[in-house]
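Visitor: Residue numbers (the numbering used here), protein chains in the order written: chain A, 1411 to 1571; chain B, 261 to 275. Yeah, the Cβ is synthetic: ideal placement off N, Cα and C, and Gly gets one too.
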Amino acid sequence: SEIEGEVDKATNPSNRQEDWEYIIGFCDQINKELEGPQIAVRLLAHKIQSPQEWEAVQALTVLEACMKNCGRRFHNEVGKFRFLNELIKVVSPKYLGDRVSEKVKTKVIELLYSWTVALPEESKIKDAYYMLKRQGIVMFDPVIPADRTLIPSPPPRPKNP
Amino acid sequence: LGEESEERDDHLLPM
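#1: List the residues of chain B that N1486 of chain A touches, going by C-beta distances under 7 angstroms, in chain order.
#2: Can you tell me whether DSSP reads D1508 of chain A as helix, strand or coil?
#3: List the residues of chain B whose Cβ lies closer than 9 angstroms to the Cβ of D1537 of chain A, in chain order.
#4: To the nearest angstrom, how far is it from the Cα of L1529 of chain A to the Cα of E1496 of chain A?
#5: Once you ignore the five residues that flank I1547 of chain A on each side, which residues in its own chain have a CB closer than 7 angstroms to its CB?
#6: Contact defined as beta carbons within less than 8 angstroms: I believe L1454 of chain A pairs with L1473 of chain A. What is the distance between those atoms, to the nearest angstrom?
#7: Let's see if you can read the secondary structure: which residues bound the alpha helix (DSSP H) around D1438 of chain A?
#8: Could you check what DSSP says for C1480 of chain A in three-state terms: helix, strand or coil?
#9: Which residues in the same chain have their Cβ closer than 8 angstroms to the Cβ of A1551 of chain A, if we skip the five residues on either side of it in sequence?
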């Protein structure tokens, strides 16, 4: 699928920095395909669990961008336990948590929390987040910088060189 | 029907 090629480009560990051309290309591809969101979240879950930190960090940036740019269809897929469980595995010491960097775990928790605030209708996101709090995996709600809250605005495009 | 069965199969990870 073209989506697979796009996610590989957007999360490639040899990218020197987050590549917004590829990230936007991935979002556009999701919006074009009927099954785009379902395929995308499955691929992203796999990348987020990468043992390479930089690949995982880029995948989380892509996920955040998709939540801003791919609309309700994408929110609905993220709001299923099928996908949320893959994020829970990343932060839980019972699963991958002990092998995942703090940077990746912090970003996962920040994203989950920001969605509980921005998308209250996606009740499973709240269920997942509060389960992590009950388990003591999340000790306090993170402070989300204003520019990182989920508002449906286009992400910054790189300036022309 | 597909959506209903998908909903039934969608569970939070056991911890």
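Guide: In terms of the structure at hand:
#1: For the purposes of this step, residue 1486 of chain A is identified with residue 76 of the first sequence, where counting begins at 1. Correct list: empty, because the minimum Cβ distance to chain B is about 10 angstroms.
#2: Here residue 1508 of chain A refers to the residue found at position 98 when the first sequence is read from its first residue. Reduced to three states, the DSSP call for D1508 of chain A is helix.
#3: Taking the first residue of the first sequence as 1, we reach residue 1537 of chain A at position 127. Residues of chain B passing the Cβ test: L272.
#4: Counting from 1 along the first sequence, the entry for residue 1529 of chain A is found at position 119. Counting from 1 along the first sequence, the entry for residue 1496 of chain A is found at position 86. Their backbone Cα atoms lie some 19 angstroms apart in a straight line.
#5: Your numbering for residue 1547 of chain A matches position 137 in the first sequence. Only V1501, S1502 meet the Cβ criterion.
#6: Position 44 of the first sequence, counting from 1, holds the residue named residue 1454 of chain A. Position 63 of the first sequence, counting from 1, holds the residue named residue 1473 of chain A. At roughly 5 angstroms, the Cβ-Cβ gap stays under 8 angstroms, so L1454 of chain A and L1473 of chain A are in contact.
#7: Here residue 1438 of chain A is taken as the residue at index 28 of the first sequence, counted from 1. Annotation: the continuous alpha helix (DSSP H) that includes D1438 of chain A extends over 1430-1442.
#8: Your numbering for residue 1480 of chain A matches position 70 in the first sequence. DSSP, read as helix, strand or coil, puts C1480 of chain A in coil.
#9: Translated into the one-based positions of the first sequence, residue 1551 of chain A becomes position 141. The sequence shown places Asp at residue 1551 of chain A, not Ala. Here the set comprises Y1523.
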